[in-house]
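Here the structure is laid out as structure tokens; the discussion comes afterwards.
Protein chains in written order, with our numbering: chain F, 6 to 314; chain H, 1048 to 1369.
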């Protein structure tokens, strides 16, 4: 009987969120699981080998990702019939270890997408806020350029770039950034347009704030929510875009592994050696999904209305 | 008598639209003394808010333009200042309270930051000093326990409290002139009464001059020392508040006051003015109130009446008093 009373007291203490126990656990899991997955991926990328410490033979990857052993080609994962315990996730058409290639490929895939997202989001946000706030001719000009960027075939431009400056890591980053900002610019411009007419911006103007200050202090913080959602959604798109470029031979040149190029490499063997494409595909899926969950969580944290719940 | 802090002379503001020029404010003149509340009354779209925005030079660009007149604040003509100098004046010398407290605060920052913004902008104080001034501004608006309120977000406050915070932002740098554009429209009746009383208090403490824009004669009676009645972009009658209620002279003022519901007149139908105000794009050559006026004469159709002083501080623009 007495045990009822402390129960109530517990519910009214400071940490009580108004959510049921189950809802609380689910809410925490949607943070912990994706955060763990992403952290593991990042660790994987950093410690794939320690060549940046001058120790190329030490690292998480069990094999050299680019070492070809023709006799070991198309070996299935070790847990399947005919698999070798040496190759946990099997080997590809040249007998290279799939696991090692995934671990090394994380470097290219994660860093390219992160870099491109940061660059495009920055450019898009700056242009979008200026266009939305300034309005008039400047807005018209920026938005027409944005329309052009959105309507331009990205692959064609990337091919052009690859021909003129040669394929490679920075070509990929450049090719994806040069048009990628347009989506952000259009979204941010719409938000800025709405916020410009809001009373708190009028209030700031009445208080003598300069246009720059209004854009930075009043419009930008109110755009962050949508921006973060868009950036996390872009993680998947960027990894896929990078793989498309690699497939066309514009990406980071072979034999360097990236998840996208691995998926496309294994495409022709899907019926006989599905593991070549499937495992990097799962890695892409996990990162994309984790990114989206984490993005939702960050957005909730940034919104003061949801922060205190 | 205290010093005149704001003198508006023959202010003309137009909006240039595709369909033509809209004369929103057409030759408005008035003055406000230190520690005085000047009411600007009139129906919707008569130019009250545009007058206020013209004083602050915050008209919607590029359509809105001030095409003539003077706005002299403490000896400086605001219309001659550069954009940067004007920004210095806003918030420090003049500030404004907007209609809707629910949307006048930035939802993503705590209250304290938003009040501090104006203080930092204009006074360049160090952080501890800023916080002190923010708290004293909140105290001025009689906000209970300002120290805790500083860390709260707008959505955590009631409408009345938010409007006080907006007031605190406006008063944070102790401006000489405060423009309040129907600040109580969004509040309910009891909170409205409280807020008005608070305003009087703030005025007594700071000696700020207030331009109070409203369409509610009840508020005028409570708050204002003098009133200007606006119609179609012009001030048709200016007088001390007592005089406006006791002896209104312009037919429009009389009609406005008659259309206020009164408790003692129970069974009569509420008075209303026939017709609509004229289009500001196509104004009649004579008196603007002529088509709706019950005392119209022939001369009203042809010529605009000039302003005549008929008593101490009582100005009327009507042919009947000529």
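Don't be surprised by glycine CBs; every beta carbon is placed ideally from N, CA and C.
| query | Applying a beta-carbon distance threshold of less than 7 Å, which residues of chain H neighbour residue 204/F? | reply | 1145, 1147, 1150 and 1151
Go to residue 1215/H, then tell me how far its alpha helix (DSSP H) extends in each direction, as first and last residue. Per DSSP, residue 1215/H belongs to the alpha helix (DSSP H) from 1206-1218.
Worksheet item: Under the rule that 16 or more other beta-carbon atoms within 10 Å means buried, what is residue 1091/H, buried or exposed?
Response: exposed
Suppose the cutoff is 8 Å on Cβ atoms and the five residues either side in sequence are ignored; what does the same chain contact list for residue 1225/H look like? 1141, 1142, 1143, 1144, 1217, 1218, 1255, 1256, 1257 and 1258
If you measure from the beta carbon of residue 207/F to each beta carbon in chain H, is any gap under 8 Å? yes
Checklist entry - How about residue 227/F: is its C-beta nearer than 8 Å to some C-beta of chain H? => result Taking Cβ atoms only, chain H reaches closer than 8 Å to residue 227/F, which makes this a yes.
* Three-state secondary structure (DSSP) of residue 1378/H -> No information on residue 1378/H is available, as it lies outside the stretch 1048 to 1369 that chain H covers here.
Name the chain H residues that come within less than 9 Å of residue 214/F, Cβ to Cβ? Within 9 Å of the CB of residue 214/F, the CB atoms of chain H belong to 1134, 1137, 1138, 1164, 1165 and 1168, in sequence order along the chain.
Would residue 223/F pass as an interface residue toward chain H - the criterion being a Cβ-Cβ separation below 8 Å?
Contacts with chain H at 8 Å (Cβ-Cβ) include residue 223/F.
Exposure of residue 302/F, with buried meaning 16 or more beta-carbon neighbours within 10 Å: buried
- Task: Return helix, strand or coil for residue 32/F, following the three-state DSSP convention.
- Result: helix
- Check the DSSP bridge columns for residue 1267/H and list the partner residues they point to. DSSP, once it has assigned bridges, lists no residue as partnering residue 1267/H.
Cβ-based burial, residue 21/F [other Cβ within 10 Å; buried from 16] = Note that residue 21/F scores a pLDDT of 49, beneath 50, so its modelled location is shaky; the value from the coordinates is reported in the next line. Exposed, because fewer than 16 other Cβ atoms sit within 10 Å of the Cβ of residue 21/F.
**Prompt:** Are the beta-carbon atoms belonging to residue 1295/H and residue 1304/H less than 8 Å from one another?
**Reply:** yes
Quick one: what does DSSP say residue 1361/H is sitting in, helix, strand or coil?
Strand, per DSSP.
- Message: For residue 201/F, would you say it is in contact with chain H, using Cβ-to-Cβ distances shorter than 8 Å as the test?
- Response: No, residue 201/F does not count as interfacial toward chain H.
CA-to-CA distance, residue 1238/H to residue 1189/H, given in whole angstroms: 13 Å
Report task. Starting from the N-terminal side, write out each stretch of the beta strand (DSSP E) that is 3 residues or longer and does not extend beyond the stretch 197-258 of chain F. Result -> none
query: Helix or strand or just coil, what does DSSP make of residue 1052/H?
result: strand
For residue 1333/H and residue 209/F, I'd like the C-alpha separation in whole angstroms. C-alpha separation (whole angstroms): 41 Å.
query: Is residue 1158/H helix, strand or coil by DSSP?
result: Looking at residue 1158/H - three-state DSSP - the assignment turns out to be helix.
*Look at the alpha carbon of residue 1277/H and the alpha carbon of residue 1079/H, and state the distance between them as a whole number of angstroms.*
16 Å
Check: Name the chain H residues that come within less than 8 Å of residue 304/F, Cβ to Cβ?
Finding: In chain order: nothing, as chain H lies at least about 12 Å away.
Checklist line | Partners in chain F for residue 1230/H, counting only beta-carbon separations shorter than 9 Å | finding: The premise fails here: residue 1230/H is roughly 12 Å from chain F at the closest Cβ pair, so nothing lies under 9 Å.
**Cβ-based burial, residue 130/F [other Cβ within 10 Å; buried from 16]** = buried
Open item on the list: I'd like the list of long-range same chain contacts for residue 255/F, defined as Cβ closer than 8 Å, with 5 residues on each side in sequence excluded.
Closed with: 163, 164, 166, 167, 172, 176, 177 and 180
Check: Quick one: complete beta strand (DSSP E) runs, 3+ long, within the stretch 1115-1148 of chain H?
Finding: 1141-1144
Could you give the distance in angstroms between the alpha-carbon of residue 9/F and the alpha-carbon of residue 1199/H? Residue placement at residue 9/F is poorly supported in this model, since its pLDDT is 43, which falls under 50; the coordinates still yield a value, given next. Near 34 Å, if we compare the C-alpha coordinates of residue 1199/H and residue 9/F.
Shorter than 8 Å from the beta carbon of residue 195/F to some beta carbon of chain H?
-> no
Worksheet item: Can you tell me whether DSSP reads residue 1307/H as helix, strand or coil?
Response: coil
Cross-strand partners of residue 1377/H (DSSP beta bridge)
Outside the shown range of chain H, which is 1048 to 1369, sits residue 1377/H, and nothing can be said about it.
| field | Neighbour-count burial assignment, residue 1055/H, 16 or more Cβ in a 10 Å radius | value | buried
Rounded to whole angstroms, what is the Cα-Cα separation between residue 7/F and residue 307/F?
At residue 7/F the pLDDT is 43, less than 50, meaning the model places this residue with poor confidence; the figure from the coordinates comes in the next sentence. Those two C-alpha atoms are separated by around 41 Å.
*Cβ shell of residue 1196/H (< 7 Å), same chain only, five flanking positions each side left out*: 1158, 1185 and 1190
inquiry  = Against chain F, which members of the stretch 1189-1220 of chain H pass a CB distance test of less than 9 Å?
reply    = 1200, 1201, 1202, 1203, 1213, 1216, 1217, 1219 and 1220
| query | Is residue 1076/H helix, strand or coil when you go by DSSP? | reply | strand
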